[in-house]
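Trainee:
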Amino acid sequence: MSTAEPITTRAVGTHHDRVDGPLKVTGQALYAVEHGTDDGITDPVVAWLVGAPVAKGRVLRIDAADTLRHDGVVAVVDHTNAPRLVETDDAELAILQDDRIHHRGQIVAVVLAETAEAAREGARLMRVHVDEEPHVAALDDGGLAAPDEVNAGHETDWADGDLDAARSAASVVVEQRYTTPHEHNSPMEPHAASAHWDGERLTLWDSTQGVHPVAKTLAPMLGLEQDQVRVRAPYVGGGFGSKGLPHSPEMAAALAAMTLPGRWVRLAVTRQQMFALTGYRTETRSHIRLSAEPDGRLLAVEHDAVSQTSAHKEFVEQTATAARMLYAAPARRTTHRVAALDVAVPSWMRAPGEMPGVFAHEVAMDELAEACGVDPVDLRVRNEPATDPETGNPWNDRRLVECLQRGAERFGWADRPAEPGTRTDGDWYVGTGVATSTYPALWMPGNATRIESRADGRYAVGIGAVDIGTGARTVLRQIAADALGVEVGCIDLAIGDTSLPVATVAGGSAGTGSWGTAITQAAQQFRADHGPAPEAGLHTVATTESYPDMENHSLHSFGAVFAEVRVDRWTGEVRCTRLHGTYSVGRVVNPTTARSQLYGGLLMGLSGALHEDGVRDPRFGHTVTQDLATYHVAAHADVPQDLSAEWLDESDELVTPYGGRGIGEIGIVGTAAAIANAAWHATGVRVRDLPLTADRFL
Ligand code: MOS
-17 MSTAEPITTR AVGTHHDRVD GPLKVTGQAL YAVEHGTDDG ITDPVVAWLV GAPVAKGRVL
43 RIDAADTLRH DGVVAVVDHT NAPRLVETDD AELAILQDDR IHHRGQIVAV VLAETAEAAR
103 EGARLMRVHV DEEPHVAALD DGGLAAPDEV NAGHETDWAD GDLDAARSAA SVVVEQRYTT
163 PHEHNSPMEP HAASAHWDGE RLTLWDSTQG VHPVAKTLAP MLGLEQDQVR VRAPYVGGGF
223 GSKGLPHSPE MAAALAAMTL PGRWVRLAVT RQQMFALTGY RTETRSHIRL SAEPDGRLLA
283 VEHDAVSQTS AHKEFVEQTA TAARMLYAAP ARRTTHRVAA LDVAVPSWMR APGEMPGVFA
343 HEVAMDELAE ACGVDPVDLR VRNEPATDPE TGNPWNDRRL VECLQRGAER FGWADRPAEP
403 GTRTDGDWYV GTGVATSTYP ALWMPGNATR IESRADGRYA VGIGAVDIGT GARTVLRQIA
463 ADALGVEVGC IDLAIGDTSL PVATVAGGSA GTGSWGTAIT QAAQQFRADH GPAPEAGLHT
523 VATTESYPDM ENHSLHSFGA VFAEVRVDRW TGEVRCTRLH GTYSVGRVVN PTTARSQLYG
583 GLLMGLSGAL HEDGVRDPRF GHTVTQDLAT YHVAAHADVP QDLSAEWLDE SDELVTPYGG
643 RGIGEIGIVG TAAAIANAAW HATGVRVRDL PLTADRFL
């Protein structure tokens, strides 16, 4: 039933089951390489990627004679016969165009066969002859340079205030180095695509965080108009950033399909290949110097960050950006330097920059609390800035202090002994730690929505957004229902297809907010066009008007993470036994899906704190821990039984019309620091390098 103005919020803020839950748990939700004849996919060929056997050099010759003789092999695509790209500026995507090898594992050939077994065996039979050149694959061996900018367009270096004066006025100084290792997004569904070329149009069923961005990136490289590329992603088994930008396997699928017009090509990246081909978080090194008054009040914050990138495509982790805005201080200085190595291309991983940078900053804050004899919660409250130290702008609604205080109460922080290493339980040292979490409230312009009235008060709402497992499909229906003044059940939502109006990436924790604003504004336009009780068959298409005033406000989310850690006296084993986060994230659209997002972030932070460690062998330039046995990601047995997340009751209409801010990334930020700080409190051993493995406590 349609209702008259004014619209009141009803669905937003309430529990709704995931609309796609039943399809997922019964296996009926189809992923990129699962589509079949129902979707018009008949007689597919299977693609198998062949990677460069060296880190740098030239392909001299690809000997595919045995491959092509193998039963079932249909074709081999390499740099000698692949379709030519008309744009090759994106070196990561410009594969199979020349004989250059930029990193070990780079795609040098694709085997196409009637079965996966034949494709894999065909790849094994291939001989790739190379002229190997010397390479550099260790951060210590690469020269450091200042990039033009760091990820998300942040300034490379930024400083403010009179640093010399602040330094000389300080009576307490914490100056330390902190490191985080290579980390790899390990979504449940590996990167995959089904691709088809009919001579005119390219169709991809892709595992991606953004269908429109994939089409927009690939089309010009392939010499196509964007509307000649259709990308669909109805279900995606996680991404965490690794599917936020197209990577070379998508281009391989496209080039393979164009080699065999009329045939569907199915390409699934293996788990091992993901470690070379789908981006990763580079190792980071942070040099932090905190200068403070005796009571812990900060006088200066300095954060110098070093990371590595790939020599053939630059990506620089924005490790030091959080230090520009986290706490009040009269002076601060932040820098980023990067070494360009002959290695795989790094990219987005959940909270690029904030995750490793806040780890360093928040362990340093714990060290400052220790040095000043101040409670770590009080120290942070004492350094609360009234306005954004970076821009001078007012905050949207910074409620970090409330998060710290509520979280402390909920967690039972008060009975914590000040001295580390003083609480034991049998063979376990027991400690607690806290850290701040923060993430910007990003918002992306240029989203469009189509709304059409149907019979019985129903509406069809279409937007080319993607639900990568977050619950977007569910919460967008809630937002649409409120905007149109109907029940959630009256919304027929279509997403995940470039035939739907343009939408930005499910990334930067900005998906729901950016798309939800577009849906809300399109609904307002629809009601202006057609009134609140329209007959069936009327429609409106609207593109977002700019929404948040980012020039004059600093828009961020905050949180406080509390951890209890036990360290075994004899073995050094580290267990996180309690983990809690209190967050300020604006209005929560759906408490069920939101809690899952925050739990997922907390557990990914725990995983980074205790387990994840990508090890590269610089002699060969590849990641040797290229499976989930040697690259351990937190599993059920690693998860604390006492895990909780809560949020403040608030609504932030400066950021979105329905009052919500993004929640995809803030859960991971600060978590590793809270756990490291708790491990120090348990043992008195300060570990400044992730992950916190047992050997560090012996
Ligand atoms: Mo997220 S790393 O912005 O996809």
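Reading the sequence shown from the start, the letters are residues -17 to 680 in my numbering. Don't be surprised by glycine CBs; every beta carbon is placed ideally from N, CA and C.
1. Does DSSP put residue 605 in a helix, in a strand, or in coil?
2. Would you say residue 191 touches the ligand MOS, meaning its beta carbon is less than 7 Å from a heavy atom?
3. Residue 222: beta carbon under 7 Å from a heavy atom of the ligand MOS?
4. Kindly indicate which three-state DSSP category residue 150 falls into: helix, strand or coil?
5. Taking 8 Å as the threshold (C-beta atoms), are residue 456 and residue 1 in contact?
6. Ignoring anything shorter than 3 residues, give me the beta strand (DSSP E) runs that lie fully in the segment 399 to 451, in order along the chain.
7. When every heavy atom of the ligand MOS is checked, does at least one fall within less than 7 Å of the C-beta of residue 647?
8. Let me check one thing: in DSSP terms, what residues is residue 522 bridge-paired to?
9. Report the residue from 94, 194, 88 and 59 whose alpha carbon sits nearest the alpha carbon of residue 479.
10. Could you check whether residue 63 and residue 335 sit closer than 8 Å to each other, using their CB atoms as the reference points?
11. Could you give the first and the last residue of the continuous alpha helix (DSSP H) run that contains residue 363?
12. Quick one, which of 4, 254 and 268 has its alpha-carbon nearest residue 346's?
13. Heavy atom of the ligand MOS less than 7 Å from the Cβ of residue 332, yes or no?
14. Is the distance from the Cβ of residue 140 to the Cβ of residue -8 below 8 Å?
15. Which residues bound the alpha helix (DSSP H) around residue 665?
16. Kindly indicate the opening and closing residues of the beta strand (DSSP E) around residue 316.
17. Compute the beta-carbon to beta-carbon distance between residue 95 and residue 32, rounded to the nearest angstrom, for a pair I have assumed lies under 8 Å.
18. Return helix, strand or coil for residue 668, following the three-state DSSP convention.
19. What separation, rounded to the nearest whole angstrom, lies between the Cα atoms of residue 666 and residue 402?
20. Drop a sphere of 10 angstroms on the beta-carbon of residue 170, count the other beta-carbons inside from all chains shown, and report buried for 16 or more, exposed for fewer.
21. Mind checking whether the beta-carbon of residue 478 lies closer than 7 Å to any heavy atom of the ligand MOS?
22. Are the CB atoms of residue 351 and residue 273 nearer to each other than 8 Å?
23. If distances are taken between C-alpha atoms only, which option among 58, 16, 35 and 257 comes closest to residue 606?
24. Checking 8 Å against the spacing of the C-beta atoms, do residue 331 and residue 651 come in under that value?
25. At a threshold of 7 Å, does residue 451 count as lining the ligand MOS (C-beta to nearest heavy atom)?
26. Where does residue 66 sit, in a helix, a strand or coil, going by DSSP?
27. Would residue 83 and residue 155 be called neighbours here (beta carbons separated by less than 8 Å)?
28. Residue range of the beta strand (DSSP E) that residue 544 falls in?
29. Identify whether residue 629 lies in helix, strand or coil by the three-state DSSP scheme.
30. Is any heavy atom in the ligand MOS found nearer than 7 Å to the beta carbon of residue 135?
31. Taking C-alpha atoms, which residue in 238, 212 and 197 lies nearest to residue 227?
32. As a quick exercise: from 626, 341, 497 and 551, pick the residue whose alpha carbon is nearest that of residue 392.
33. Along the beta strand (DSSP E) that carries residue 58, what are the first and last residues, could you check?
34. Excluding five sequence neighbours on each side, which residues of the same chain lie with their C-beta closer than 7 Å to the C-beta of residue 42?
35. Quick one, which of 535, 594 and 597 has its alpha-carbon nearest residue 636's?
Mentor: Per the coordinate set shown:
1. For the purposes of this step, residue 605 is taken as the residue at position 623 of the sequence shown. Here residue 605 carries a strand assignment [DSSP, helix/strand/coil].
2. In the sequence shown, the residue the question calls residue 191 occupies position 209. For residue 191, the shortest C-beta to heavy atom distance toward the ligand MOS is below 7 Å.
3. The residue given as residue 222 occupies position 240 in the sequence shown. The answer is yes for residue 222.
4. Along the sequence shown, one-based indexing puts residue 150 at 168. If DSSP states are grouped into helix, strand and coil, residue 150 belongs with the helices.
5. Reading the sequence shown from its first residue, position 19 is the one you call residue 1. Reading the sequence shown from its first residue, position 474 is the one you call residue 456. The answer is yes: Cβ separation under 8 Å.
6. 410 to 422, 430 to 435 and 441 to 444
7. The sequence position of residue 647 within the sequence shown is 665, counting from 1. Yes, the beta carbon of residue 647 sits closer than 7 Å to at least one heavy atom of the ligand MOS.
8. In the sequence shown, counting from the first residue as 1, residue 522 sits at position 540. Answer is 433, bridged to residue 522.
9. One-based indexing of the sequence shown puts residue 479 at position 497. When each option's Cα is compared against that of residue 479, the closest is 194.
10. Residue 335 sits at position 353 when you count from the first residue of the sequence shown. Residue 63 sits at position 81 when you count from the first residue of the sequence shown. It is not a contact, given that the beta carbons lie outside the stated cut-off.
11. What you label residue 363 is simply residue 381 of the sequence shown in a count that begins at 1. Segment 358 to 364, the alpha helix (DSSP H) holding residue 363.
12. Indexing the sequence shown from 1 puts residue 346 at position 364. Of the listed residues, the one whose Cα sits closest to residue 346 is 268.
13. Translated into the one-based positions of the sequence shown, residue 332 becomes position 350. Yes; taking the cut-off as 7 Å, the Cβ of residue 332 has a heavy atom of the ligand MOS nearer than that.
14. Taking the sequence shown and counting its residues from 1, the one referred to as residue 140 is at position 158. Taking the sequence shown and counting its residues from 1, the one referred to as residue -8 is at position 10. Not a contact, by the Cβ cut-off of 8 Å.
15. The residue labelled residue 665 in the question sits at position 683 within the sequence shown. Taken as a continuous stretch (DSSP letters only), the alpha helix (DSSP H) holding residue 665 covers 653 to 665.
16. As a position in the sequence shown, residue 316 is number 334, starting the count at 1. 313 to 323 is the extent of the beta strand (DSSP E) around residue 316.
17. Here residue 95 is taken as the residue at index 113 of the sequence shown, counted from 1. Here residue 32 is taken as the residue at index 50 of the sequence shown, counted from 1. With a Cβ gap of about 12 Å, residue 95 and residue 32 do not count as contacting.
18. Taking the first residue of the sequence shown as position 1, residue 668 is located at position 686. Three-state DSSP puts residue 668 in coil, outside helix and strand.
19. Here residue 666 corresponds to residue number 684 of the sequence shown, with the count starting at 1. Here residue 402 corresponds to residue number 420 of the sequence shown, with the count starting at 1. Rounded to the nearest whole angstrom, the CA to CA distance from residue 666 to residue 402 is 5 Å.
20. In the sequence shown, residue 170 corresponds to position 188, counting from 1. Label assigned to residue 170: exposed.
21. Residue 478 sits at position 496 when you count from the first residue of the sequence shown. No, the beta carbon of residue 478 sits no closer than 7 Å to any heavy atom of the ligand MOS.
22. Within the sequence shown, the letter at position 369 stands for residue 351. Within the sequence shown, the letter at position 291 stands for residue 273. Note that the C-beta distance between residue 351 and residue 273 is not below 8 Å.
23. Numbered from its first residue, the sequence shown carries residue 606 at position 624. Out of 58, 16, 35 and 257, 257 has the C-alpha closest to the C-alpha of residue 606.
24. Along the sequence shown, read from residue 1 onward, the residue named residue 331 stands at position 349. Along the sequence shown, read from residue 1 onward, the residue named residue 651 stands at position 669. It is not a contact, given that the beta carbons lie outside the stated cut-off.
25. Here residue 451 refers to the residue found at position 469 of the sequence shown. No, Cβ of residue 451 sits at least 7 Å from all heavy atoms of the ligand MOS.
26. Residue numbering aside, residue 66 sits at position 84 when the sequence shown is read from its first letter. The answer is coil: DSSP assigns residue 66 none of H, G, I, E or B.
27. Mapped onto the sequence shown, residue 83 falls at position 101. Mapped onto the sequence shown, residue 155 falls at position 173. No, the Cβ-Cβ distance between residue 83 and residue 155 is not below 8 Å.
28. On the sequence shown, position 562 is the one that residue 544 refers to. Where residue 544 is concerned, the enclosing beta strand (DSSP E) stretches over 538 to 550.
29. Locating residue 629 in the sequence shown gives position 647, counting from the first residue. Residue 629 falls in the strand class under three-state DSSP.
30. Counted from its first residue, the sequence shown places residue 135 at position 153. Every heavy atom of the ligand MOS is 7 Å or more from the Cβ of residue 135, so no.
31. In the sequence shown, residue 227 corresponds to position 245, counting from 1. For the residues 238, 212 and 197, the minimum Cα distance to residue 227 belongs to 197.
32. Within the sequence shown, the letter at position 410 stands for residue 392. With distances taken between Cα atoms, residue 392 lies closest to 626.
33. One-based indexing of the sequence shown puts residue 58 at position 76. Annotation for residue 58: the continuous beta strand (DSSP E) segment containing it runs 55 to 60.
34. By one-based count along the sequence shown, residue 42 stands at place 60. The answer, listed in chain order, is 111, 112 and 113.
35. Mapped onto the sequence shown, residue 636 falls at position 654. Taking residue 636 as reference, the option from 535, 594 and 597 with the minimal CA-CA separation is 535.
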